[in-house]
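With my numbering, you'll find the sequence shown wraps up at 135, consecutive numbering, no jumps. Notes for the one structure printed next.
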Amino acid sequence: MSSYFLDSTPVLEIEIRNPIMNKAFPAEGKVVAVMDTGFEGFLLVPQDIFEKLSLNQLALDERRLILADGQYTQSVGTYGEVVVPNLGVKFDGFIETIKGVEEIVIGTDLIENMKLILDYCTRRVEVESCKKP
3 MSSYFLDSTP
13 VLEIEIRNPI
23 MNKAFPAEGK
33 VVAVMDTGFE
43 GFLLVPQDIF
53 EKLSLNQLAL
63 DERRLILADG
73 QYTQSVGTYG
83 EVVVPNLGVK
93 FDGFIETIKG
103 VEEIVIGTDL
113 IENMKLILDY
123 CTRRVEVESC
133 KKP
């Protein structure tokens, strides 16, 4: 099962890659990422994961983000790859980090590549890729 509810939060199992430095997180297997339709970015990761992937060694861009509480924060990021093993697809996009982030968050820039059905009544999450593997 690659997508499901964790408590009442929809999650998806993914791999994160830095193809330029040939790094992956996790090194083996998959990691659980929260699907957040309120986050307009591609992928947000904790700083330690950003560094494990050596993304901090690539050319970085800074972005100003508005948080859910209306406050502003600064993110730093670069381009990388997200693999959804159970769908057999990968997507390229902007992977960023901000201080204090403790979970991996998938945003709408990545979700827009998928058909996503959230059924809270039956606690079912369905994810399909818009592109063929």
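Ideal placement from N, C-alpha and C gives every residue a C-beta, glycine not left out. None of these values were measured; they are calculated from a predicted model.
Measuring straight from C-alpha to C-alpha, what distance separates L46 and A35?
Residue mapping note: residue 46 aligns to position 44 of the sequence shown, counting from 1. Residue mapping note: residue 35 aligns to position 33 of the sequence shown, counting from 1. Between L46 and A35, the alpha-carbon positions lie close to 9 Å from each other.
Looking only at C-alpha atoms, which of E42, T80, D50 and P48 sits nearest to I68?
Mapped onto the sequence shown, residue 68 falls at position 66. If we check each option's Cα against that of I68, E42 comes out closest.
What do you get for I119, buried or exposed, if any count of 16 or more other CB atoms within 10 angstroms of its CB means buried?
Here residue 119 corresponds to residue number 117 of the sequence shown, with the count starting at 1. The residue in question, I119, is exposed, as its Cβ has fewer than 16 Cβ neighbours within 10 Å.
Which of helix, strand or coil does DSSP assign to F7?
Counting from one through the sequence shown, the residue named residue 7 turns up at place 5. F7 falls in the strand class under three-state DSSP.
Go ahead and label N24 buried or exposed: buried means 16 or more other beta carbons lie within 10 angstroms of its beta carbon, across all protein chains shown.
Counted from its first residue, the sequence shown places residue 24 at position 22. By the Cβ neighbour-count rule, N24 is exposed, with fewer than 16 other Cβ atoms within 10 Å of its own.
Check the DSSP bridge columns for E17 and list the partner residues they point to.
Taking the first residue of the sequence shown as position 1, residue 17 is located at position 15. Beta-bridge partners of E17 (DSSP): V85.
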